[in-house]
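Report on the following structure.
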Amino acid sequence: MLENAKKILKQYWGYDEFRPFQEEAIVSAMSKRDSIVVLPTGGGKSLCFQIPAVAMDGLTVVISPLISLMKDQVDSMQQCGINAVRLDSSISGPEREYAHNAIEDGTAKLLYVSPERMMQNGFLDYLKNQNLAMVAIDEAHCISMWGHDFRPEYRQIGSLKQKLPGVSIHAFTATATKQVQTDIHKQLKLDNPKILVGSFDRPNLIYRVEPAGDLDDQVCQVVKRHKNESGIIYCIRRKDVDEMHSVLSAKGYKSLPYHAGMNVMARKLNQDAFIREKVDIIVATVAFGMGIDKSNVRFVIHAGMPKSIEHYQQESGRGGRDGLEAECCLFHKGRDYGTWKYFTNEMEPQARQIALNKLNAIYGFCTSGVCRRKSILTYFDQALENSNCGGCDVCLGEGEYMEDALVTGQKVISCVIRLDERFGADYTTLVLIGSKDKRILENGHDNLSTYGILSDFTRGNVRDWVEQLVGQGYLAKTGDYNVLTVTAAGWEVIKGNIKPRLLEPLKKKETRKRSKTKAEAQSWEGVDSGLFEELRELRKMIADSKGVPAFVVFGDASLRDMARKRPSTGHRFLEIHGVGQKKRKDYGKTFISAITRYCEQEELDLDV
Ligand code: ADP
Ligand code: MG
Ligand code: ZN
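In terms of my numbering, the sequence shown opens at residue 1011 and continues consecutively.
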């Protein structure tokens, strides 16, 4: 089974190795055992059902929530020489006819449909008359209310198991929480499913989290580092999107906005322009991204705090799907918390509590000063092997740490002690900065020795330090009200035996130093960047003429490999990462002649 799967991987996709858990997922599908596969965004879930679909007899039905997603996947597979079709409201009459013919005469290997279409009257009966290999459910978390993207239409597919007896069902998602996994199992009524959960670490992503100072400037610095590269900028509100878009335009960066306040047509145009690389940057609210499989997003900026770690994992995860390095920068300010909290006001009490807990978790992530990768993995109950991840602002030592963190830490912790460990972070902060808040005066806490002991600093700075002390385990939040208590390690700080790490407050207009990560250096090793640019142009021309996104023709990883190995023959071309039989046939000549021409001009060696 695996032998065959590996052959297909090389022949159609031009890849040499499976990624973690792909083999297990493929075996599960090919032996027709139900499965739930949880892999991070960019982990390569599609191949887990596409390869079995090619290998097995019959038709694989893929349920997917968005038309744009289906379209890109179908286009990609056709580029690899696999007959995939889709049935949705956007296709033309002839396309529909072609799809039905291909399904009925057994030439189609994959069929993409929406959940509504799948459950439509008569459609299941139609499918039952075909030779079905299996059903794959992409973005399966949409079936769960506990996930972050619940879709009522997904609930209907809960009856599939009964309606298609004997057909195995395979669910795929990037949402890692146990609760969501269990819910998928239950809702889909899976039969003893194989559950495969991969690591949520994305080693090729670099995380940088900083307090927002001069936000426009901070964002522009990142954009400047990624000239000619694709990136997404997330803002919290529509208004922020429009403003950020104007700022970028004024500085000469080409970007387009995307938010729910725009009409559907305008949104679609902007999304397409981004996918087709007519512009490099899309500025968007969280409304953007669900249907985006673009593999060469090189940076994701959050110009405000996201609303949960799940969202952050998902949104930042849209960077570097091709496995090449991508930079994820998050700029947060205290006000973001309030903005999100305000949005929860209308919610049902239970849902609101869930949302607030998630909000507190991401706030902790932003402010604790703990390795970003470790924080994310811990949240998803996974462990990080190294104590230094080498790819986040904390581990790269980019933040400025305070010289007198011991004294400052002691001040904060003693205030918690003076308050009898009975108050939360906000209240404690107010006492430390000497606020005239009514509650403080009523409680007489303006008489404490620690009242106003940090009045030289802003409320935001002090609040962040509290969070950093919690993150490093010197303080703990306990009970329903997140009351601050002092841990054993916290007492060691008081005694002066341990020094905490507290971030220096960021002054306006100041920018942090940047270090290059190992991943960055490696993926460019031996690559001629001039040739890479040339090949990008060529790719864009071909993609435009075919009406498909550039990354569907070749991923960035393939272009870099070409600009590294510089093949001069079809045989050599086939050795390039991501070149299968069909792409060699379709594009080999064109790319080889562009490469040879460039190398002659620049006097570079071929066939390296
Ligand atoms: P997911 O759905 O898990 O977010 P995708 O299926 O979209 O991820 O895959 C992300 C990218 O990784 C795609 O460009 C895909 O071609 C590539 N990819 C998947 N598996 C492999 C592999 N074994 N080797 C190299 N690239 C792969
Ligand atoms: Mg996917
Ligand atoms: Zn780290």
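Backbone N, C-alpha and C define an ideal beta-carbon position, used for all residues, glycine too.
What do you reckon, is the C-beta of THR1600 under 8 Å from a heavy atom of the ligand MG?
-> Not under cutoff, so the answer is no.
What's the call for GLY1053, buried or exposed, on a 16-neighbour Cβ count within 10 Å?
-> Buried: at least 16 other Cβ atoms inside 10 Å.
Check the DSSP bridge columns for ALA1146 and list the partner residues they point to.
-> For ALA1146, DSSP records a beta bridge to VAL1072 and HIS1180.
CB of THR1051 to nearest heavy atom of the ligand MG: below 8 Å?
-> Result yes, Cβ under 8 Å from the ligand MG.
Compute the Euclidean distance between the alpha carbons of GLY1401 and ALA1573, then round it to the nearest angstrom.
-> So the alpha carbons of these two residues sit roughly 26 Å apart.
In the structure shown, what three-state DSSP assignment does ARG1308 receive?
-> Reduced to three states, the DSSP call for ARG1308 is strand.
Taking 9 Å as the cut-off, decide whether the C-beta atoms of GLN1197 and GLY1168 are in contact.
-> Yes, Cβ-Cβ distance for GLN1197 and GLY1168 is below 9 Å.
Say yes only if the C-beta of GLY1401 is nearer than 8 Å to one or more non-hydrogen atoms of the ligand ZN, and no if none qualify.
-> Under cutoff, so the answer is yes.
Closest by C-alpha distance to ILE1291, when choosing among ASN1238, ALA1498 and PRO1104 | With distances taken between CA atoms, ILE1291 lies nearest to ASN1238 out of ASN1238, ALA1498 and PRO1104.
Can you tell which of GLN1360, LEU1458 and VAL1441 has the C-alpha that lies nearest to the C-alpha of ARG1473?
-> Minimum Cα-Cα distance from ARG1473 among the listed residues GLN1360, LEU1458 and VAL1441 corresponds to VAL1441.
What are the start and end residues of the beta strand (DSSP E) that includes VAL1095?
-> For VAL1095, the uninterrupted beta strand (DSSP E) segment begins and ends at 1094 to 1097.
Under the three-state reduction of DSSP, which class applies to CYS1399: helix, strand or coil?
-> In the structure shown, the three-state DSSP call for CYS1399 is coil.
Along the chain, where does the beta strand (DSSP E) that runs through LYS1495 open and close?
-> What sits at residue 1495 in the sequence shown is Thr, not Lys. Here the beta strand (DSSP E) through THR1495 covers 1493 to 1496.
4-residue-minimum alpha helix (DSSP H) runs that sit fully inside the segment 1264 to 1333, ordered along the chain | For the segment 1264 to 1333, whole alpha helix (DSSP H) runs of length 4 or above, ordered along the chain, are 1274 to 1285 and 1319 to 1326.
Looking at the unbroken alpha helix (DSSP H) that takes in LEU1366, where does it start and where does it end?
-> LEU1366 -> alpha helix (DSSP H) spans 1359 to 1377.
What's the C-alpha gap between LYS1343 and PRO1221?
-> The straight-line gap from Cα to Cα measures roughly 6 Å.
Kindly list the residues whose CB is nearer than 6 Å to the CB of CYS1399, restricted to its own chain and excluding five residues on each side of it in sequence; keep chain order.
-> In chain order, CYS1381, ARG1383 and CYS1405 place their CB closer than 6 Å to the CB of CYS1399, counting only its own chain and leaving out the 5 sequence neighbours on each side.
Apply the 10 Å Cβ neighbour rule to THR1117 and answer buried if 16 or more other Cβ atoms are within range, or exposed otherwise.
-> Within 10 angstroms of the beta-carbon of THR1117 lie fewer than 16 other beta-carbons, which makes it exposed.
Would you mind reading off the limits of the beta strand (DSSP E) that contains LYS1204?
-> Annotation for LYS1204: the continuous beta strand (DSSP E) segment containing it runs 1204 to 1207.
Just to confirm, does ARG1383 get its C-beta within under 8 Å of one of the non-hydrogen atoms of the ligand ZN?
-> Between the ligand ZN and the CB of ARG1383, the shortest heavy atom gap is smaller than 8 Å.
Using a Cβ-Cβ cut-off of 9 Å, state whether ASN1471 counts as contacting chain B.
-> Given the protein chain composition of this structure (a single chain), no chain B is represented.
Is there at least one non-hydrogen atom of the ligand ADP closer than 8 Å to the beta-carbon of GLU1027?
-> Checking the 8 Å criterion, the Cβ of GLU1027 is within range of a heavy atom belonging to the ligand ADP.
Return yes when at least one heavy atom of the ligand ZN lies under 8 Å from the C-beta of CYS952, else no.
-> For residue 952 there is no data in the structure shown, the boundaries of the chain being 1011 and 1618.
Using alpha carbons as the reference points, say which of LYS1505, MET1011 and SER1424 lies closest to GLU1034.
-> Per the Cα distances, MET1011.
Does any heavy atom of the ligand ZN sit closer than 8 Å to the C-beta of TYR1217?
-> At least one heavy atom of the ligand ZN is nearer than 8 Å to the Cβ of TYR1217, so yes.
Report all residues from its chain with a CB closer than 6 Å to the CB of PHE1298; omit the five preceding and five following residues, and keep chain order.
-> Taken in chain order, the residues that qualify are TYR1268.
Would DSSP call VAL1476 helix, strand or coil?
-> In the displayed model, VAL1476 falls within a helix according to three-state DSSP.
Beta-ladder partner(s) of LYS1487, from DSSP = Assignment of beta-bridge partners to LYS1487 by DSSP yields LEU1494.
For GLU1502 versus ILE1508, is the C-beta spacing smaller than 9 Å?
-> Less than 9 Å divides the Cβ of GLU1502 from the Cβ of ILE1508.
Secondary structure at ILE992, three-state DSSP: helix, strand or coil?
-> With the chain covering 1011 to 1618 only, the question about residue 992 has no answer from this structure.
Check whether the Cβ atoms of GLY1434 and TYR1373 sit closer than 9 Å, and answer yes or no.
-> No, they are not a contact pair.
With 16 as the cutoff for other CB atoms within 10 Å, does HIS1581 come out buried or exposed?
-> HIS1581 comes out exposed.
Report yes if the CB atom of GLN1392 is closer than 9 Å to the CB atom of PHE1182, and no otherwise.
-> Contact: no.
Are there three or more Cβ pairs, one per stretch, closer than 8 Å when the segment 1089 to 1100 is compared with the segment 1063 to 1078?
-> As far as the Cβ criterion goes, the segment 1089 to 1100 touches the segment 1063 to 1078, which means the pair count is three or higher.
Return the Cβ separation of PHE1341 and GLN1166 in integer angstroms, given the expectation that the two are a contact with Cβ distance under 8 Å.
-> The pair is not a contact, with the Cβ atoms about 40 Å apart (cut-off 8 Å).
Distance, LYS1188 Cα to ALA1371 Cα = Distance between the alpha carbons of ALA1371 and LYS1188 is about 17 Å.
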